[in-house]
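Just so we're aligned: 272 in this note's numbering is position 246 of the sequence shown, and the numbers increase by one with no gaps anywhere. Working notes, beginning with the structure itself.
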Amino acid sequence: MTHSTHPTPLQARLSGPLAGKVRIPGDKSISHRALILGALAVGETRISGLLEGEDVLNTAKSMRALGAKVERTGPFAWSVRGVGVAGFAQPAAALDFGNSGTGCRLVMGAVAGCPITAVFDGDASLRSRPMRRILDPLELMGAKTSAAKDGGRLPLTLHGARDPVPILYKTPVASAQIKSAVLLAGLAAPGVTTVIEKEASRDHTELMLKHFGAELTSTREGSHGRKIALTGQPELHGAGVVVPADPSSAAFPIVAALIVDGSDIVLADVMTNPLRTGLFATLREMGASIEESEMRGGAGEPMAQLRVRASKLRGVDVPPERAPSMIDEYLVLAVAASFAEGTTIMRGLQELRVKESDRLAATADMLRVNGVKVEIAGDDLIVEGRGHVPGGGLVATHMDHRIAMSALVMGLASDRPVKVDDTAFIATSFPDFIPMMRALGAEFA
């Protein structure tokens, strides 16, 4: 299956300058974690700016199914009354995470520390994605799995540990999902649970755990790594969370403004956590005009207003150690690289092979069908930029929201329109993408 039951194709064509000020929806990573930690806390957690896309709403449903009281109190405003660490109740039915790998994997960690059994399931895309590297450390902590397909694929049954044990775990790859699952399970274990990363991944879970009252330390490990130590069995307390605008979602209007001649847009309250802004650093190296102002913070996460203006871009060499800070943004970076002058080499992209689709292959296909010269060499993506893109292709999205949005951005500046076979899955992360882009001047039909 490569598209939704009711596919909604769309075409993007050459647009006039993009202009205006918008607020991108709330960050998906923060939204998931706010709901989960709110459910594991004692008392009420009030969340503002929550992303109300399908992925996050499925996490909210799973928290309800596990016993927390979760209510929408207004637009993007939610209240969570938690059950305390290890307090989840056994759900009456399977937990369905739809398309969300993040929600599914983080909740696996939270459930692994509770003496309950839960069935995890999702859509066809999520069922195809491997879960074994999440399950391996959870089983070391005392959880067990059954009824799982090869590679630990969904649907699977997770039996939480009655007496979870703390572990020291070295992650095989830089993955915030693996790290977060171990730390969430470690909340219920006595003693100290330690995660060591050779390459530092996103630290949203660590920052939010501290915000909710957990005792946690994070120190450097080697040249680029981190050692995170969590003291188990804390009493987390309800907390207020302001969800900043999602930098991964902001990537699409940012790249669109850079490649559409004459564009000048402003994005409010975008998260500027340095472990999430690898794309911004890379685009600036390529010559992009991205200015920050009005810096502030919330729930440990920095944010700022970004002004983005159309720019002449040049090819660059993106080092592999930058991948954890921009793993979801390589697709739209490849679009920017297509409009740059010269060769862009994106190194160390093995993680793209295990996302909603094989994003490495899908990105190369998206570029090729639109006349861009591209090559995959091992885990590196090499794009030959010529300053313009011929366009005219039909892009297969493979039920992947980021492929759909990246292809539509490409079409706004290409010589001929670009068509995508299905935009239905955009709703999983950025429900207002199409109307927001149209409000800035994008031409979609």
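C-beta: ideal position from N, C-alpha, C; glycine also. Note that the coordinates shown come from a computational prediction; the quantities given were computed from them, not determined experimentally.
Subject >> the region 389-397 in contact with the region 413-433 per 3-pair CB rule at 8 Å >> reply: In this structure the region 389-397 touches the region 413-433; the number of beta carbon pairs closer than 8 Å is three or more.
**OP:** Using 10 angstroms around the beta-carbon of T308, count the other beta-carbons present and answer buried if the total reaches 16, otherwise exposed.
**Re:** Taking the sequence shown and counting its residues from 1, the one referred to as residue 308 is at position 282. So T308 counts as buried.
Subject >> I254, buried or exposed, once every other Cβ within 10 Å from all chains shown has been counted against 16 >> reply: The count along the sequence shown starts at 1 and reaches residue 254 at position 228. Buried.
Original post:
In or out: L182 buried (at least 16 other Cβ within 10 Å) or exposed?
Top reply: Counted from its first residue, the sequence shown places residue 182 at position 156. L182 is buried by the Cβ-count criterion.
Subject >> Backbone CA spacing between L184 and L77 [nearest angstrom] >> reply: As a first step, residue 184 must be located in the sequence shown, where it is residue number 158. As a first step, residue 77 must be located in the sequence shown, where it is residue number 51. Approximately 27 Å, taken between the alpha carbons.
Subject >> Every unbroken alpha helix (DSSP H) inside the region 145-228 [4 residues or more] >> reply: List check, alpha helix (DSSP H) in window: 150-153, 158-166 and 202-212.
**OP:** Given a cut-off of 8 Å, decide if A360 and V435 are closer than it, judged by their beta-carbon atoms.
**Re:** Numbered from 1 along the sequence shown, position 409 holds the residue referred to as residue 435. Numbered from 1 along the sequence shown, position 334 holds the residue referred to as residue 360. It is not a contact, given that the beta carbons lie outside the stated cut-off.
**OP:** Write down the C-beta distance between S244 and E225 rounded to the nearest angstrom, noting that I regard them as a contact closer than 8 Å.
**Re:** In the sequence shown, counting from the first residue as 1, residue 244 sits at position 218. In the sequence shown, counting from the first residue as 1, residue 225 sits at position 199. 14 Å between Cβ atoms; not a contact.
**OP:** Verify whether the separation of the beta carbon atoms of G467 and P51 is less than 8 Å.
**Re:** Position 441 of the sequence shown holds residue 467. Position 25 of the sequence shown holds residue 51. Remark: C-beta atoms of G467 and P51 do not approach each other more closely than 8 Å.
Subject >> Exposure of M372, with buried meaning 16 or more beta-carbon neighbours within 10 Å >> reply: To locate residue 372, count along the sequence shown from 1; it is residue 346. Counting Cβ neighbours within 10 Å, M372 comes out buried, since at least 16 surround it.
Subject >> Cβ contact check for the region 72-87 and the region 112-131: 3 or more pairs under 8 Å >> reply: Yes, the region 72-87 is in contact with the region 112-131.
Original post:
Apart from the five residues just before and just after S337, which ones in its own chain have a Cβ nearer than 7 Å to its Cβ?
Top reply: By 1-based counting over the sequence shown, the position of residue 337 is 311. The residues are L284, G313, A314 and S315.
Original post:
Between the beta-carbon of V191 and the beta-carbon of G168, is there less than 8 Å?
Top reply: In the sequence shown, counting from the first residue as 1, residue 191 sits at position 165. In the sequence shown, counting from the first residue as 1, residue 168 sits at position 142. Going by C-beta atoms, V191 is nearer than 8 Å to G168.
Subject >> Beta-carbon proximity of F102 to G75, cut-off 8 Å >> reply: Residue mapping note: residue 102 aligns to position 76 of the sequence shown, counting from 1. Residue mapping note: residue 75 aligns to position 49 of the sequence shown, counting from 1. Here F102 is near G75, since their CB atoms are less than 8 Å apart.
**OP:** Under 6 Å Cβ to Cβ from D290, same chain only, skipping five residues before and after it: list those, please.
**Re:** Here the question's residue 290 lines up with position 264 in the sequence shown. The residues are A45 and R335.
**OP:** Give me the Cα-Cα distance between S274 and R228, rounded to the nearest whole angstrom.
**Re:** As a working note, residue 274 is residue 248 in the sequence shown. As a working note, residue 228 is residue 202 in the sequence shown. Near 12 Å, if we compare the C-alpha coordinates of R228 and S274.
**OP:** Assign T99 to one of two classes, buried (16 or more other C-beta atoms within 10 Å of its C-beta) or exposed (fewer than that).
**Re:** In the sequence shown, the residue the question calls residue 99 occupies position 73. So T99 counts as exposed.
Original post:
In chain order, what residues of the same chain lie with their CB nearer than 8 Å to the CB of I10, ignoring the 5 residues before and after it?
Top reply: With the chain covering only 27 through 471, there is no way to say anything about residue 10.
Subject >> C-alpha gap between A276 and K47, whole angstroms >> reply: On the sequence shown, residue 276 is found 250 positions in, with the first residue counted as 1. On the sequence shown, residue 47 is found 21 positions in, with the first residue counted as 1. A straight-line Cα-Cα distance of about 12 Å links A276 and K47.
**OP:** Might you give, ordered along the chain, the residues of its own chain that have their beta carbon closer than 8 Å to the beta carbon of R59, omitting 5 neighbours on each side?
**Re:** Residue mapping note: residue 59 aligns to position 33 of the sequence shown, counting from 1. Shown here for R59: same chain residues with a beta carbon closer than 8 Å to its own, the five before and five after excluded, namely L132, S206, H230, T231 and M234 in chain order.
Subject >> Distance cut-off 7 Å: P101 Cβ against heavy atoms of the ligand NAD >> reply: Among the ligands in the structure shown, none appear at all, so the ligand NAD cannot be discussed.
Original post:
Does DSSP put S440 in a helix, a strand or coil?
Top reply: On the sequence shown, residue 440 is found 414 positions in, with the first residue counted as 1. The three-state reading of DSSP puts S440 in coil, since its state is none of H, G, I, E or B.
Subject >> Contact check, P270 vs I56, beta carbons under 8 Å >> reply: Counting from 1 along the sequence shown, the entry for residue 270 is found at position 244. Counting from 1 along the sequence shown, the entry for residue 56 is found at position 30. Yes, these two residues count as a Cβ contact at 8 Å.
**OP:** Could you pull the start and end residues of the beta strand (DSSP E) that V267 belongs to?
**Re:** Reading the sequence shown from its first residue, position 241 is the one you call residue 267. Where V267 is concerned, the enclosing beta strand (DSSP E) stretches over G266 to V268.
**OP:** Within 10 angstroms of the Cβ of A118, are there 16 or more other Cβ atoms? Answer buried if so, exposed if not.
**Re:** Against the sequence shown, residue 118 aligns to sequence position 92. Exposed.
Subject >> E317 beta carbon less than 8 Å from that of M297 >> reply: The count along the sequence shown starts at 1 and reaches residue 297 at position 271. The count along the sequence shown starts at 1 and reaches residue 317 at position 291. At a Cβ-Cβ threshold of 8 Å, M297 and E317 do not count as neighbours.
Subject >> Of the listed residues P156, R158 and D447, nearest to H424 (C-alpha basis) >> reply: Here residue 424 corresponds to residue number 398 of the sequence shown, with the count starting at 1. Checked all of P156, R158 and D447; the closest Cα to H424 is D447.
**OP:** Measure the CB-CB distance between Q332 and A38 and report whether it falls below 8 Å.
**Re:** The count along the sequence shown starts at 1 and reaches residue 332 at position 306. The count along the sequence shown starts at 1 and reaches residue 38 at position 12. The displayed chain sequence assigns Leu, not Gln, to residue 332. No, the pair does not count as a contact, with Cβ atoms beyond the cut-off.
Original post:
Does C130 come within less than 8 Å of chain C when only Cβ atoms are used?
Top reply: You won't find chain C in this structure, because it holds only one protein chain.
Original post:
Which runs of the alpha helix (DSSP H) fall wholly inside the region 266-300 and span at least 4 residues, in chain order?
Top reply: As far as the region 266-300 is concerned, its whole alpha helix (DSSP H) runs of at least 4 residues are 273-285.
Original post:
Where does G203 land, buried or exposed, given buried means 16+ other C-beta within 10 angstroms?
Top reply: Counted from its first residue, the sequence shown places residue 203 at position 177. A small correction: the amino acid at residue 203 is Gln; Gly does not occupy that position in the sequence shown. Within 10 angstroms of the beta-carbon of Q203 lie 16 or more other beta-carbons, which makes it buried.
Original post:
What is the residue span of the beta strand (DSSP E) that D81 lies within?
Top reply: For the purposes of this step, residue 81 is taken as the residue at position 55 of the sequence shown. Where D81 is concerned, there is no enclosing beta strand (DSSP E), although the alpha helix (DSSP H) it sits in stretches over E80 to A91.
**OP:** Can you tell me the Cβ-Cβ gap for R340 and A366, rounded? I've got them flagged as a contact below 8 Å.
**Re:** What you label residue 340 is simply residue 314 of the sequence shown in a count that begins at 1. What you label residue 366 is simply residue 340 of the sequence shown in a count that begins at 1. Right, their Cβ atoms sit about 5 Å apart.
Original post:
In chain order, which beta strand (DSSP E) runs of at least 3 residues are fully inside the region 317-404?
Top reply: DSSP runs (the beta strand (DSSP E)) wholly in the region 317-404: 327-335, 367-372 and 399-403.
Original post:
Going by the beta-carbon positions, is the gap between M374 and A390 smaller than 8 Å?
Top reply: Reading the sequence shown from its first residue, position 348 is the one you call residue 374. Reading the sequence shown from its first residue, position 364 is the one you call residue 390. According to the sequence provided, residue 374 is Gly. The question's Met does not apply to it. By the CB criterion at 8 Å, G374 and A390 fall outside the cutoff.
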